[in-house]
Structures are given as structure tokens and as C-alpha cells.
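**Q** Structure provided below as C-alpha cells; questions to follow.
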Amino acid sequence: MTDATAATQAISGPPAIEAVGLGKRYRGDRWALRDCEFTVPAGRICGVVGANGAGKSTLLTLAARLIEPTEGELRVFGEASSTPETRARVACVTQEKPLYPSFTVAGTLRMGRELNPGWDEEAAQRVVDMGELRLDARVGSLSGGQRTRVALALALGKRADLLLLDEPMSDLDPLARHELMGVLMAEAAERGTTILVSSHILPELDGVMDHLLLVQAGRIRLSGDPEEILDSHQLLTGIAEGAELPAGTAVERRVRGRQVTALLRTGEPVDGPWESVRPSLEELLLAYLRTPLPPSATATAPDREAAA
Amino acid sequence: MSTSTLSGPATPSGPAAPSAANGVSAPARRRRGPSGVLWLVLHQNRPAIRSVAILLVLVSAVLVAMHVLIQDRIGTMQQTSCYTPASWERIECRVQLGRIEMLTRMFTDILQPAVTAAPVLIGMFLGGPLLAQEYERGTVRLVLTQSVTPRRWLLTRLAVPGATVLVATSVLSALTSWVWWSDIYRGPVAFDPPFQGFTYPVLGLAPVAWSLFGLALGVLVGQLLRRTVTAVLVSGVVVALAQAVMVAWRPFFWPLVEEEQPYNNMMGGFVKPAGAWLVEDGVVRADGTRLMRDQCFEAASVCDEAPTSWGQYHPASHFVPIQLVEAGLLLVLTAVVVTVVLRRLTRAGV
Chain C
1070 MTDATAATQA
1080 ISGPPAIEAV
1090 GLGKRYRGDR
1100 WALRDCEFTV
1110 PAGRICGVVG
1120 ANGAGKSTLL
1130 TLAARLIEPT
1140 EGELRVFGEA
1150 SSTPETRARV
1160 ACVTQEKPLY
1170 PSFTVAGTLR
1180 MGRELNPGWD
1190 EEAAQRVVDM
1200 GELRLDARVG
1210 SLSGGQRTRV
1220 ALALALGKRA
1230 DLLLLDEPMS
1240 DLDPLARHEL
1250 MGVLMAEAAE
1260 RGTTILVSSH
1270 ILPELDGVMD
1280 HLLLVQAGRI
1290 RLSGDPEEIL
1300 DSHQLLTGIA
1310 EGAELPAGTA
1320 VERRVRGRQV
1330 TALLRTGEPV
1340 DGPWESVRPS
1350 LEELLLAYLR
1360 TPLPPSATAT
1370 APDREAAA
Chain H
9 MSTSTLSGPA
19 TPSGPAAPSA
29 ANGVSAPARR
39 RRGPSGVLWL
49 VLHQNRPAIR
59 SVAILLVLVS
69 AVLVAMHVLI
79 QDRIGTMQQT
89 SCYTPASWER
99 IECRVQLGRI
109 EMLTRMFTDI
119 LQPAVTAAPV
129 LIGMFLGGPL
139 LAQEYERGTV
149 RLVLTQSVTP
159 RRWLLTRLAV
169 PGATVLVATS
179 VLSALTSWVW
189 WSDIYRGPVA
199 FDPPFQGFTY
209 PVLGLAPVAW
219 SLFGLALGVL
229 VGQLLRRTVT
239 AVLVSGVVVA
249 LAQAVMVAWR
259 PFFWPLVEEE
269 QPYNNMMGGF
279 VKPAGAWLVE
289 DGVVRADGTR
299 LMRDQCFEAA
309 SVCDEAPTSW
319 GQYHPASHFV
329 PIQLVEAGLL
339 LVLTAVVVTV
349 VLRRLTRAGV
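Which chain is which? The protein sequence lines are C and H, in order.
Residue numbers for the first sequence follow this note's numbering, beginning at 1070 and rising by one.
Residue numbers for the second sequence follow this note's numbering, beginning at 9 and rising by one.
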């Protein structure tokens, strides 16, 4: 992991994504994202994790330049707004995976070739072939999973430097999920593509991502290398009686009978009548997702925690 | 079976195959025919273009047949000396006249209203769904995440149906104008002045300019509503309303001719020249005050005693300038609507 980090840091040029005071308000005064500050270096596979409605899709849609931020900036490869060059460098599969239903699979791939100068027919064809899709089948007649495959083929064929995937695997069977994840990882490894993938299925991203963005109620709660984030947390399991937890660092604390479980923001094991271990990614994410920040704390918390 | 044996756009085939065999690789994969966004838009519009073409061929055939039949009957009438109105009291002439009347009525009562409705139908079925469907299905997001700019995509997306409508309505208008001029207006029976409600919109530039404007208006409605079915219905209403508003404005597109005549009770007031459009008329009383026609109904005796009648009208010679002004106005409005649609696409987000 340190090698990979060193390698990506060696790549010169701007980060793939950089948010500065980013906020997006939809009609009706609802802030989908607010005060977001984070950086995703180029070449990372970044998991965007959060509950439904946390703002993951808004973040990806902003990065795809399909909507404009209400305040602040979301820089993609250093550019604050869309340019013809970044347009060609960013590919996106939105959650609904829209495709023209009257087009055939072949026609859809042809569209990809006609609209993208750097089109890679082989890359797109490979994804379609793995699903044993008929090229003359109408997209409208395909199942949800098959359509997802075509949408992913279209995004991969674009040969983008940044791939934005919003819940890409949600309607795929486990086999196809595993196989397409493999394709994406190979793509990232071969070409150094930055991948931003959102998911609420936590195991889908474990061991795959090397950057984590935890979005909660429109704020970025955690941002960084997941290994480093895990290194700076301790999961405590033990008997509750008598012992005081160190104050101020608890992310979450649950008492079940005499048993207490707590996630602390500290790199050092904590002495006491409990077992203190480095949490797993799933334990860490669940602990954060279970404890929403109080409204008053959200304004300042992202900066502090995002630095973790 | 390897994938390369599958035909279709996925693998180099057809015109590109020979050059590929010669060892020329990537650049040789270019195919003949449209490429880029134009390919996409043509591919999407194929059914619409085909429907418009079929309709156009059918309506053109009807119009040409109408012209041939009317001319044939006029020839027969002239041979049997039934052409002049004086002869129409003879029963055999009345029969021949009836046949022509049926054809002209088909033109004035069926074809003219249908062509007048064409801009409304174009707004509904070509304009309304054009963007509404892209938004409803989310495909606008699909297109805008490809490498093409929103501006280029939208302009191409509008240009293809726009050109289809332009060509189709130009042919249609040329034919209706020709049949109207040669067989109806100058025909033996029909009195169909050019400014009439269903006549004006089928002649000259009117069908072309109105259809383009209807298309653009439908596109804007579709972009605002983002629902196909609603967009179809609302577009129809909006274009029809625009037509109604324009009818109210039309008299003022060119200066009216004003005239006074000795008041002739027998003729029922002001007598306009043949083919003219009488916009306003009334009487001038002995003391020089003018009364509108409506005011005569309130006090008929006052008007009966008036020595002079007056009228404001457009003679038939104003037809071309009025059409030019209206078409110019419509083209400007079309450009404005397209600009608004483009701005909304690039600024409002999708």
C-alpha cells in the first residue's frame, strides 16, 4: 500500500478531484452537500460511502459536470468547470444507467465510438462479450444487470482518466459483480485510471479501494487512505463496569448489558478492562454510519475528521 | 465463433474491410456516411424522418391528383361550353360543376385545415418529445457524459428534425400554393381569398415558418416539463395559442389601405376589392363623424341615413409583404426559443 501511495504521489499534475468549500442546494432550500473539502489524488480507487440520501450521487453528478455547484468549487484535474479536454477525460455511469432503449447493443457501442475521440472498441467489446450479450438485442429488452453491463462497456470504451461510477453493481449478480470489479481494477492498474465508485454495499469496496470518502448528511466525514484511517482508530470490546473511556475521542459507544463496544479515534491501543484492536473497515464504517453528527457539530467536524 | 465474425458496427466490415486487409489499421476504420453526433441524431430520428417522408409523399400525391382532375374537368367544361357562370343554369353544366365543387371543397374543407394544423402537430409530435423524452429517460445525462459539448449536441439534435421539417413543409407549401393558385383561386367556381382563416396558413412562407416555430416551441415546452405525454399535449395548446395570437396581430404587419365609398344600402356597407381582407369598416355620417360597423347594429337608422361608408383593408397585393413580415418575426422568435433552450441546457444542469 505504501508503494502504491508513493507511486501515485509521484505522478505529477493536479489531483483527480479537489473540493473547495463545495456546496449544492436543490430547489426547496435542501442542501444535498455543504462545506465539502477533500482531495482525491490521481490514480486512486476511491470508494464513496454513505447512507442513502447522504449526497453520494450529488457528488458524482457534480464531478460529471451534469449539475453546477451552488457554492465553492469541485476541480476535476485542476479545472473548476467543464472544458472539452476534461469532457473527454471523464466517463460516468449514473445510478439510473440511462441508455437509448430503441438502440441495439451494437448501436449503443457505435454511439460511444461516434461521440468519443479516444474510443477503445476492444475494451468495450470485452465487457459486452463477457456477459454473452447479443449485439443485435435492443437495449430496451435487456435485464437491469445486462443494461448495467452495456453502460459500463460504454464508460470503459471511452478510455477516460477518471471513471465516475454511481452504485454500479447494485443490480448485478455476485458473479458478474466480481467479474466486472476485476475488469475495473485491471483498467485502473494498467492505465492509472482514477475511479470514484459509490456504494452502500460495504464488502463490495473492501480490499479494493485505496481512498475512502465517507459522506454523511451532506458532509464529508472521512477522507483519506483507508489503511491510515484504520490505523488511527481503536475498537474497544469489554466489560463496561467502572471503567471510564478516554473523553472526547469516542466515535461511537454501545452498551449491551455489561458488554461495551466503542470506536475511538486514536492510533494507540487504550489500556483498560477491554480488548483494544484495530477495527476492520466494515466495523469502522458502520460505527460512523450509526452515529450521525449533531447538527451543530457538522459545520466544523468535517475539517477536523477529514484530516485523519 | 469468434466475435470478429459478427457483422455490424462493432467490427470493421463493409467499406473498411479491404483497407484493413491491406494492413492499414486505426485510421482505416472510418466508415462512409455521417459520423459523430450527426450519426447519433440521424439514428434516433430515422423513424420520424421516415414517417414525415411517407406523409409528404401521400399528401403530395393527393394534391397532384387534385390538380390533374380539376384541370381535366375544366377542359371538359370548356369543350361543352359550360365554363361561364351564365351556362350554369343548364342541368348538364350543373352536373359538371358539382364534380369540380366536390374537389375544391376537399381542398378548402379538409386539406387546408389539415395543413393549418401541421405546425401544431409538428410541435406536438416532433418538438414536445424531443427533449422531454431525453430528460424523462435520463439519456440527456448519457449524451452529456460523452466527449461532445452540450452546445454541439443540442444544435445537431435540433438541426436534423429542423431540416426535415424545412424540406417537407417547403415541398408541401409549394404544392398547396400551386394548386390553390391554379385550380382554386383562379378556378371557375371557388372564391377563396388568400387572407381567409384556413387559406393564409397554407400558402407561401406561412407553413414553413410556422412549422419551424412550432417545432422550437415544442422543444422548449418539452425541456421545461421533462415529461413526454404532458409535453405533447401542452405543446399542442401552446402552438395553437401562438397561432391565434398571430391572427390578431396580422392586420398590423403592413399599413392598411383606407377608403371611403358612397354608402350603398343594397350592398350592405363597404365593398372591398376582390381578394382583399376587410379589417374594419363602418359609415361616415353627414357631420363627418365615423361609426364602426358594430355601432350600426345599436342604432341602425343612424347608419341608414349616412351618405358614405368607410373601410380599412389589405388588398390582395399586401399578401406577400405581410407573409414576409410574419415569417421574419417567426424566424426571430424561433432563434430566441432555441437560444433559451441552449442556455437552459448549459446552465441549469441536467
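The beta carbon of each residue, even a glycine, is placed where N, CA and C say it ideally should be.
From this set, H:110, H:131, H:159, H:85, which residue's C-alpha is nearest residue 99 (chain H)'s C-alpha?
**A** Taking only the C-alpha atoms, the option nearest residue 99 (chain H) is H:85.
**Q** As an exercise, report each continuous beta strand (DSSP E) stretch of at least 3 residues that is fully enclosed by the stretch 91-161 of chain H, in chain order.
**A** Runs of the beta strand (DSSP E) inside the stretch 91-161 of chain H: none found.
**Q** Pick out whichever of C:1095, C:1155, C:1156 has its Cα sitting closest to the Cα of residue 1128 (chain C).
**A** Nearest C-alpha to residue 1128 (chain C): C:1095.
**Q** With DSSP as the reference, label residue 1144 (chain C) as helix, strand or coil.
**A** Three-state DSSP puts residue 1144 (chain C) in a strand.
**Q** With a threshold of 8 Å on Cβ separation, who are the neighbours of residue 1171 (chain C) within its own chain once the five nearest residues in sequence on each side are excluded?
**A** Taken in chain order, the residues that qualify are 1207, 1208, 1209.
**Q** Can you say whether residue 88 (chain H) is buried or exposed, counting buried as having 16 or more other CB atoms within 10 angstroms of its CB?
**A** Exposed, by the Cβ-count rule.
**Q** The alpha helix (DSSP H) that contains residue 75 (chain H), what's its start and end?
**A** It spans 44-87 - the alpha helix (DSSP H) in which residue 75 (chain H) sits, taken as one unbroken run.
**Q** Using a Cβ cut-off of 9 Å, which residues of the stretch 150-161 of chain H contact any Cβ in chain C, in chain order?
**A** Here the close residues are 150, 151, 152, 153, 154, 155, 156, 157, 158, 161.
**Q** With distances taken Cα to Cα, identify the nearest neighbour of residue 254 (chain H) among H:282, H:50, H:218, H:309.
**A** Comparing Cα-Cα distances from residue 254 (chain H) to each of H:282, H:50, H:218, H:309, the minimum goes to H:218.
**Q** Please compile the residues from chain C whose C-beta is within a distance smaller than 8 Å of the C-beta of residue 58 (chain H).
**A** Simply none; closest approach about 13 Å.
**Q** Leaving out five residues on either side along the sequence, give the residues of the same chain with a beta carbon under 7 Å from the beta carbon of residue 244 (chain H).
**A** Around residue 244 (chain H): 128, 131, 132.
**Q** With burial defined as no fewer than 16 other Cβ atoms inside 10 Å of the residue's Cβ, what is the status of residue 33 (chain H): buried or exposed?
**A** Only weak support exists for where residue 33 (chain H) lies, its pLDDT of 40 falling under 50; the coordinates are left without a value.
**Q** Is residue 51 (chain H) close to chain C? Criterion is C-beta to C-beta, closer than 9 Å.
**A** Yes, residue 51 (chain H) counts as interfacial toward chain C.
**Q** What are the residues in the stretch 108-140 of chain H lying within 9 Å of chain C by C-beta distance?
**A** Against chain C - using a Cβ distance shorter than 9 Å - the stretch 108-140 of chain H contributes no residues.
**Q** Quick one: is residue 243 (chain H) near chain C, going by C-beta distance under 9 Å?
**A** So, not an interface residue.
**Q** Along chain H, which residues have their Cβ under 8 Å away from the Cβ of residue 1184 (chain C)?
**A** Those within 8 Å of residue 1184 (chain C) in chain H are 44, 45, 48, 151, 154, 155, 156.
**Q** What does residue 195 (chain H) touch in chain C if you count any residue whose Cβ is under 8 Å from its own?
**A** Near residue 195 (chain H) there are no residues of chain C at all, since even the closest Cβ is about 46 Å away, more than 8 Å.
**Q** DSSP on residue 1116 (chain C), reduced to helix/strand/coil?
**A** Looking at residue 1116 (chain C) - three-state DSSP - the assignment turns out to be strand.
**Q** Look up residue 281 (chain H) in the DSSP assignment and say whether it is helix, strand or coil.
**A** Of the three classes helix, strand and coil, the one that applies to residue 281 (chain H) here is coil, per DSSP.
**Q** Pick out whichever of H:150, H:184, H:347, H:80 has its Cα sitting closest to the Cα of residue 70 (chain H).
**A** Nearest C-alpha to residue 70 (chain H): H:184.
**Q** Which residues in chain C sit within 8 Å of residue 357 (chain H), going by Cβ to Cβ distance?
**A** Under the 8 Å cutoff, chain C gives 1135, 1136, 1137.
**Q** If distances are taken between C-alpha atoms only, which option among H:41, H:103, H:61, H:286 comes closest to residue 205 (chain H)?
**A** When only C-alpha atoms are compared, the closest one is H:286.
**Q** Going by the CB atoms, is the gap between residue 1169 (chain C) and residue 145 (chain H) shorter than 9 Å?
**A** Cβ distance < 9 Å, so residue 145 (chain H) and residue 1169 (chain C) count as in contact.
**Q** Report the residues of the stretch 1237-1269 of chain C with a CB closer than 9 Å to any CB of chain H, ordered along the chain.
**A** So nothing in the stretch comes that close.
**Q** Which residue's Cα is closest to the Cα of residue 1225 (chain C): C:1088, C:1264, C:1211, C:1292?
**A** Looking at the Cα atoms, C:1264 is the closest of the given residues.
**Q** Report back the beta-carbon spacing between residue 1114 (chain C) and residue 1278 (chain C) to the nearest angstrom; my notes put them in contact at under 8 Å.
**A** Contact holds; Cβ gap of about 5 Å.
**Q** Taking the CB atoms as reference points, tell me whether residue 1195 (chain C) and residue 1252 (chain C) lie closer together than 9 Å.
**A** Yes; because the gap between Cβ atoms is below 9 Å, this pair is in contact.
**Q** Only counting the same chain, and skipping five residues up and downstream in sequence, which positions put a Cβ closer than 6 Å to that of residue 223 (chain H)?
**A** These residues qualify, in order along the chain: 130, 134, 135, 173.
**Q** On the DSSP letters alone, give me the boundaries of the alpha helix (DSSP H) that residue 1264 (chain C) sits inside.
**A** Per DSSP, residue 1264 (chain C) belongs to no alpha helix (DSSP H); it is in the beta strand (DSSP E), 1263-1268.
**Q** Note the first and the last residue of the continuous alpha helix (DSSP H) segment covering residue 247 (chain H).
**A** Counting along the chain, the alpha helix (DSSP H) containing residue 247 (chain H) begins and ends at 236-257.
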